[in-house]
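Chains as they are written, first to last, in our numbering: chain A, 23 to 120; chain B, 17 to 1013; chain C, 12 to 428; chain D, 348 to 541. Every residue gets a Cβ at the ideal spot worked out from N, C-alpha and C, and that includes glycine. Note that this is a predicted model, so its numbers are computed, not measured. One structure is given below, encoded as structure tokens.
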Amino acid sequence: MLLIRCPYCEEERPELEFRNAGEAHIARSANMSGESDDDFEKFFFIRSNPKGIIYERWRHMHGCARFFNAVRDTVTDKFVMTYKAGEPKPAKLPGVAK
Amino acid sequence: MSGAFRIPRAGRLSQAKTARFSFDGQSYTGIEGDTLASALLANGVHLVGRSFKYHRPRGFLSAGAEEPNALVQIVRDDARKTPNVRATVQELYDGLAANSQNRWPSLSFDVGAVNDLASPMFSAGFYYKTFMWPKAAWKSLYEPKIREAAGLGVSPDKPDPDHYSSRYAHCDVLVLGGGAAGIAAALAAAETGVRVILADEQAEFGGSLRFETGARIDGQDGFAWAQAAIARLGAMDNVRVLSRTTAFGYYAQNFVGLVERVGDHLKAPGHDLPRERLWQVRAKRVVLASGAIERHMVFANNDRPGIMLAGAARTFLNHYGVAVGRNVGVYTANDSAYAAAIDLKKAGVNIAAIVDLRDNPTGPVIDEARALGIEINFGRAVIRAGGKLRVSSMTVQPKNGGGERTISVDAILMSAGWTPSVHLFSQSRGKVAFNDETKRFVPGTYAQDCVSVGACNGTDGLSASVDEAYAAGAKAARDSGAKSAKGVKPKVDASESWSRGMLGAAPGAGPDTTVKAFVDFQNDVTAKDIRQAVHEGMRSIEHVKRFTTNGMATDQGKTSNMHGLAIAAETLGKPIPEVGLTTFRAPYTPVTFGAIVSHARGPLFDPTRKTATHPWAEAQGAVFEDVGQWKRAWYFPKAGEDMHAAVDRECVAVRTTAGLFDASTLGKIEVVGPDAAKFMELLYTNPWEKLEPGRCRYGIMLREDGFIYDDGVVGRLAPDRFHVTTTTGGAPRVMNHMEDYLQTEFPHLNVWLTSITEQWAVIAVQGPKSRDIIAPLVEGIDMSDEALPHMSVREGKICGVPTRLFRMSFTGERGFEVNVPADYGQAVWEALWAEGQKHGATAYGTESMHVLRAEKGYIIVGQDTDGTVTPNDAGLDWAVGKKKSDFVGIRGMARPDLVAKGRKQLVGLKTKDPKVVLEEGAQIVEDPKQAIPMKMIGHVTSSYWSQNCGRSIALALVAGGRDRMGDTLYVPMPNGVIEVEVTGMVFFDETGGRLNG
Amino acid sequence: MKKYSVFAIAREAMRGHKGWEEQWSSPEPKKEYDVIIVGAGGHGLATAYYLATVHGITNVAVLEKGWLGGGNTGRNTTIIRSNYLYDESAGIYDHALKLWDGLSQELNYNVMYSARGVMMLAHNVHDIQVLKRHVHANRLNGIDNEWLSPEQAKEFCPPLNISRDARYPVVGAALQRRGGTARHDAVAWGYARGASARGVHIIQNCEVTGVKRAANGAVMGVDTTRGFIGAKKVGVVAAGHSSVIMNMAGVRMPLESYPLQALVSEPVKPVVPCVVMSNTVHAYISQSDKGELVIGAGTDQYVSYSQTGGLHILQHTLDAICEMFPIFTRMKMLRSWGGIVDVTPDRSPILAKTPVPGLYVNCGWGTGGFKATPGSGHVFAHTIAKDDPHPINAPFTIERFRTGRLIDEAAAAAVAH
Amino acid sequence: MAKAAAKKTAAAASPSVDRRPALAGRTTTATGVKVEVLPPAERISLRAPEASVAALSKALGLTLPKKPKTSASKGGRTVLWLGPDEWLVIDEGGNDPLADCATVTELHSAVGISHRNVAISVTGPAAEATINSGCPQDLSLDAFPAGAASRTILGKAEIVLLRTADDAFRVECWRSFSDYVFTFLSEGARDAAG
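See below:
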């Protein structure tokens, strides 16, 4: 069971309180109905599924109930950092090469 | 007397406290504190089991958790039979009853042993190469036989009366292993005041101090020191000491699973005691002090009862006061076995000879053995053991060949050296490193905040281990936030020390031989099998393991892995590290299902959700159905009624007078804020801005991919306040779906969502008389059609309690849904029921609700739709706001194949024979005469007998259904084809006049 | 290839089993092959086997970063069935099931396919509707799947608890008698032996690090930890790692990889005579030839390549098993492990050509790939050999996600694999 | 805001029917711990942005806590921080927080949930262990001191946990989960002495 730092509760909490919500930073188009079939496929179906650093969304479902973002290594399952929803993708990651 | 092999004054058990027990029906006497193993050995019993494949007689190899052979069934009573219990771990209690396993008719005469005679046929992986002809024989003959022969013990056959519990715990320093090193680490950490948990799998702490009689710490005997230290730790309130507790799994971020055996060692565990307790510990730092496991020597017939690890024999003697024989031989490749010989000799047991593979080893233990007059043979090997049900001799030969000499013995103690227990370290995803000098894998690269100390770290010698452990414990405490330590490091005055040893097959069991020299005892894997696997192209150690099943038995290769690896490496001509080690998988030792499940059994398997009126329905004799976690009243049978009769009556009553229905389980969400309408516009297909406060609308929610996700009636209570209802099953996921969009896609909107599902009990009153029933109880709401038209909502009082009164209908009749605060639910229901009785109203359940809505063609999301249905497919285009530029699903539902012709559309079906009721899920075809596989064009989603229509009715998803109105289609059933006509979805009151009737 | 038989064993017994030949060779990679298969799991090896036997293409290399059969093939619960709802799924899984029956003889390797029956439990009205929809669709597709009452279910699987007071009582079951299990290692090894004997190179410890494409975009070969290996055709069959390999070729996939755990109990004498699955209480169980109860868990909730999962997932699985089989609480978990399963948005596989000429992909089997192994390899070999999908796998395109022509067994049926 | 809606539900004038709270009176004791169902209370779920906190605090008569995992209590009224814009207000003094909030014009959402929740008290030296039988949070006094409050998990149910004293907790859960939660806590209590 993972231990996840909730950026709103400002502490680490057990995974049982959280629900993963898929890849992060996939913006929904402001002009949804104008999207092409390809755009929609990219938006809704295509995922980067990286072996290594992933940017993902979690919800502190049974805690503060907020959605937030996390950076995690999918090989070790170690969290690099978490940050609030709406905050930009971090340019630099603490303690991660390249 | 507690056994002929009990040595007076030896061991630590009090001879006074005897305990009776039985094995295979024969009763014996042991001593409290014994394990089943030590008690049996005290009585001279070595033969306790049969091996997996060859059914060879087996005794005790070890005195601990690594035991591969001595597995028995413990029987407390009819419902408490536990298979595959290690006799070396099971503590004795008065009245314990154990049976041997995997033998028939008896342990000493086992028919299955013919396998041993035929063993040349049963080589590694033989079953992959045969049993293929004739083909049919596999299922009818070969496989059943193989299965009967396989398996060890017998599964329990009754529900388990015992209970299990669980506990989450957090600490700064978790110490796993309670030998000298673990205790030293725990002391160092505990003295700083941080939270410490110390766990050990044994009943008593001390680890190898249990047999290392040479050890002295802080001026006292090692084992005594350990007990004193544990007492000290136990008295500190920042420390939790757990004995009989095995750390079985090391998971991500220092999360460790442990199982504490609470009741199995007790004669009569109290009712309140769990049998086992699961500990799930999150630790800031973990100290691994799991020790080392002795390896056996790999030589011919090394599995005969009476042949065991030297350390085990020492434990039986020094801790339990039991001699494993009267005339004992020793076969070793390192020093440690000498200590066993010395201890036994001093206890008056004859040591027939020590056979040492090494050429000219020197050292204090060797001198001492010699001084005691024990015969020592250097540079020699035991090439064969004699005896069958019990070892009777050992045949010795110079290791490079030469004359044989057979020495009669009744036990052989062996030691090929010690393997560090890196299991938990490896589970923590740490990488082991091979030490070429000592020929062992030790912790290399760490992946988590843990540290290994003592023997499991490859540290030799008590003194070095304690120093290392104490320092590590102190550092772990510092790293987890401790200020200062104020303790004193334990001082080791005397210790035994040994290392080295050998890996792989001993002389006499080499490649040129065909002898049965066992590597994995339980799975009957010999050195020969491993070589064969390599010859057959298995180059990866994982392939060798899987092909031979080496290390896959219940002991998970604790004694066999390294030998197997060495033999494979030798055969491959590769260095050991290049061949690699198989991965260590959790659990460290087998874990009881019940302990893992702990509380989640019976009523606590899953919450059972009941509504406020549940007791009333129960009293009325309602039959309930499971809907998600909810129990819902399904129908209310009267005396002598079956489900059909009850449902027919309920349905007719609703349309002639009125019915009461508990709709409380429907999800309810209060959407509040100035942007509430804007938000609703985005989450539902319908338009909401113009919906007047006090009015309701049926809403459809899509997923982004355009498929129907949920639906429900939504009432606008105020410009900034909506009362949203969802399906029963959909409530939680709809709430999550809405929160997701609100928080991440539309955070600019000023609106909040609150689940009020359980705040309000909902009583649906439906039927021509519904208003007459409700009106007398309502205050402050004008119930006239003008003031309260269909699809409107008012707030007021009923029976003096607040209500949100909806005028709405899921039956097609005039109808209301009365929302009242949940705690008033049943009382208000009873009041309405009393009123209802004046009009002949009935209570109806979910089945009638389904029939009534189907008569009107109202869909049930999840039954008539299934996650692949668009609003258009369901004939709900009217509910999609045509002028809207955006809502969730607007783009998805416009994809080519979602607007293509020929999609399955929801339609009505009427069977040509009105009496025939279709089966839900039945498939529909155009041409019933076509051959299988048939082209299916749709399926029946809902189907009922409608008493109100006087015929059966059905809804179905049919390809291009709306263009098939009036067409005849066919439903092929096993017992004949059913003819159906495609119709509209409304079967009753097409004009809808009854909504105000 | 020397034939396996009881006589061969007897012969070898005489000489201490020293005469067995290698089951597969371990050659050095050549510079170039006609076809490279990435991934020596069951599906990849089967593909190579059928390329050789059906299409006569033997200049084939199967590249494996670890040891053959070491991925999901050797980590799954070996459930075999074909009672799927949609024609497309039923088509490919039943194609596989027909090949399972007789595979031991075809390969001269006992894969221990055991048609002991797969029983899916219904616990409520919705389950009944869903499972009966399957039963009827299967019947008209010529696939066996029959409806059982709770009593019939218990008769077929005596330890099953059908008490009405269970939290989720069993109210019925769908049984596919041809369903069952097989020995996972034997499947990989049997195909490896058969392919190797026909000249296919199985190259282990050879990780693909890149996919080379020519100016015209077509595939030229792959870079590996053992150097560049050329090929005009490359088939990616890398399960959890498929999207990683496809990314090397510049193709982004609708895939996510999740940890899937499984566990076995200590071996006991025969007690569970069939495979039992329940979607509502969510777990599945069978018993191996060795006597171990083989138990499947749900996936963890997050993308991971760690091949480990959380203890709470195993807890939920064993909760469910002990709910269905209360007699098993005293049994012990012997071994648990994790695999990496690649899941598509509609839970159905992708077996298709790709936008890249010469690049083919077979992935997205999620938690249910083992059962399809023979059929998957058979039609994928066809797709590669003919550069054109076999009718059976034609619907399993990548494009379906753009157009919306999904094969959504999960949404339609909500039945666990 | 939402005056119309709020006012109506505010006044609680003499019901002609009786209130039947879930599990009323259920209680169990074990060595070192007592588990009992608490009487009904007035509750609201309060949602509001930073800007409205002052006004709402004034209306409610106590300061809304802004620090995660904390609560504030005064005169039988307790406010628990559940999220950055979410509070659970519990009034055991017979006053109606919904009515108090109805007077506030600043942006907020106040929704009555008095009947949605059931409160169970767990008290005694073994209270912490009892709750840790199914709650994965660190409940040591350092991590979860008296006054600490958090939404979390107990077994398979969601709960809101408030530590009212070193050896006392208030467990709130939804009405239909209360039987499960009470039963779970009872089992936990039976084992907590161990």
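{"query": "List the endpoints of the continuous beta strand (DSSP E) containing residue 323(B).", "result": "323 to 325"}
{"query": "Consider the Cβ of residue 551(B): report whether some Cβ of chain C lies at a distance smaller than 8 Å.", "result": "yes"}
{"query": "From the beta carbon of residue 415(D), is the nearest beta carbon of chain A less than 8 Å away?", "result": "yes"}
{"query": "Name the chain A residues that come within less than 9 Å of residue 429(D), Cβ to Cβ?", "result": "85, 86, 87"}
{"query": "For the stretch 251 to 272 of chain B, which residues have a beta carbon sitting closer than 9 Å to at least one beta carbon of chain A?", "result": "267, 268, 269, 270, 271"}
{"query": "Should residue 764(B) be labelled buried (16 or more other beta-carbon atoms within 10 Å of its own) or exposed?", "result": "exposed"}
{"query": "If you draw a straight line from the alpha carbon of residue 567(B) to that of residue 72(B), how long is it in whole angstroms?", "result": "18 Å"}
{"query": "Who are the Cβ neighbours of residue 197(B) in its own chain at under 6 Å, not counting the five residues just before and after it?", "result": "305, 469, 470, 481, 485"}
{"query": "What in chain B is Cβ-close to residue 521(D), meaning under 7 Å?", "result": "774"}
{"query": "Fully enclosed by the stretch 278 to 320 of chain C, which alpha helix (DSSP H) runs are 4 residues long or longer?", "result": "none"}
{"query": "Relative to chain D, which residues along the stretch 806 to 827 of chain B have a C-beta separation below 8 Å, given in chain order?", "result": "811, 812, 813, 815, 816, 817, 818"}
{"query": "What are the partner residues of residue 742(B), as DSSP defines its beta bridges?", "result": "683(B)"}
{"query": "Is residue 898(B) near the ligand HEM - that is, is its Cβ less than 7 Å away from at least one heavy atom of it?", "result": "Ligands in the displayed structure: none, and consequently the ligand HEM is not present."}
{"query": "8 Å is my cut-off, CB to CB: does residue 365(D) come that close to chain B?", "result": "yes"}
{"query": "Given residue 174(B), which residues of its chain have a CB within under 7 Å of its CB, disregarding the five upstream and five downstream residues?", "result": "94, 95"}
{"query": "Measuring only the C-alpha atoms, how far is residue 1012(B) from residue 801(B)?", "result": "8 Å"}
{"query": "Checking contacts by CB at 8 Å: is residue 39(A) closer than that to chain D?", "result": "yes"}
{"query": "For residue 38(A) and residue 296(B), what's the separation of their Cα atoms in angstroms?", "result": "13 Å"}
{"query": "Using the beta-carbon of each residue, which ones in chain B are nearer than 8 Å to residue 394(D)?", "result": "688, 768, 770"}
{"query": "Pull up the distance between the alpha-carbon of residue 317(B) and that of residue 339(B), whole angstroms please.", "result": "22 Å"}
{"query": "Would you mind working out which of 100(A), 57(A), 114(A) sits nearest residue 910(B), comparing C-alpha positions?", "result": "57(A)"}
{"query": "Which of the three DSSP states, helix, strand or coil, is assigned to residue 207(C)?", "result": "helix"}
{"query": "So, using beta-carbon positions, are residue 695(B) and residue 767(B) closer together than 8 Å?", "result": "yes"}
{"query": "Go through its chain and collect everything with a Cβ distance to residue 623(B)'s Cβ below 8 Å, but skip five positions before and after it.", "result": "645"}
{"query": "Note down, in chain order, all residues in the stretch 49 to 78 of chain A with a beta-carbon under 9 Å from any beta-carbon belonging to chain C.", "result": "59, 60, 62, 63, 64, 66, 67, 68, 69, 70, 71, 72, 73, 74, 76, 78"}
{"query": "I need the straight-line Cα distance from residue 667(B) to residue 786(B), nearest angstrom please.", "result": "14 Å"}
{"query": "Taking the alpha-carbon positions, what's the residue 246(C) to residue 590(B) distance?", "result": "33 Å"}
{"query": "Could you tell me the alpha carbon to alpha carbon distance between residue 406(B) and residue 85(B), rounded to whole angstroms?", "result": "14 Å"}
{"query": "Check whether chain C comes within 8 Å of residue 120(A), counting only Cβ atoms and requiring the distance to be less than that.", "result": "Residue placement at residue 120(A) cannot be trusted, given a pLDDT of 47 that sits under 50; the coordinates are not used to answer."}
{"query": "Output, in chain order, the set of chain B residues within a Cβ distance shorter than 9 Å of residue 179(C).", "result": "621, 622, 642"}
{"query": "Using a Cβ-Cβ cutoff of 8 Å, what residues of the stretch 157 to 169 of chain C are near chain B? List them in chain order.", "result": "none"}
{"query": "In the stretch 89 to 117 of chain A, which residues sit with their C-beta less than 8 Å from some C-beta in chain B, listed in chain order?", "result": "89, 98, 99, 100, 107, 108"}
{"query": "Using a Cβ-Cβ cut-off of less than 8 Å, give me the residues of the stretch 908 to 941 of chain B that come near chain C, in sequence order.", "result": "908, 911, 912, 913, 914, 935, 936, 937, 938, 939, 941"}
{"query": "Got a sec: is the Cβ-Cβ distance from residue 645(B) to anything in chain A below 8 Å?", "result": "no"}
{"query": "Can the beta-carbon of residue 437(D) be found less than 8 Å from the beta-carbon of residue 390(D)?", "result": "yes"}
{"query": "Quick one: Cα of residue 742(B) to Cα of residue 889(B), how far?", "result": "20 Å"}
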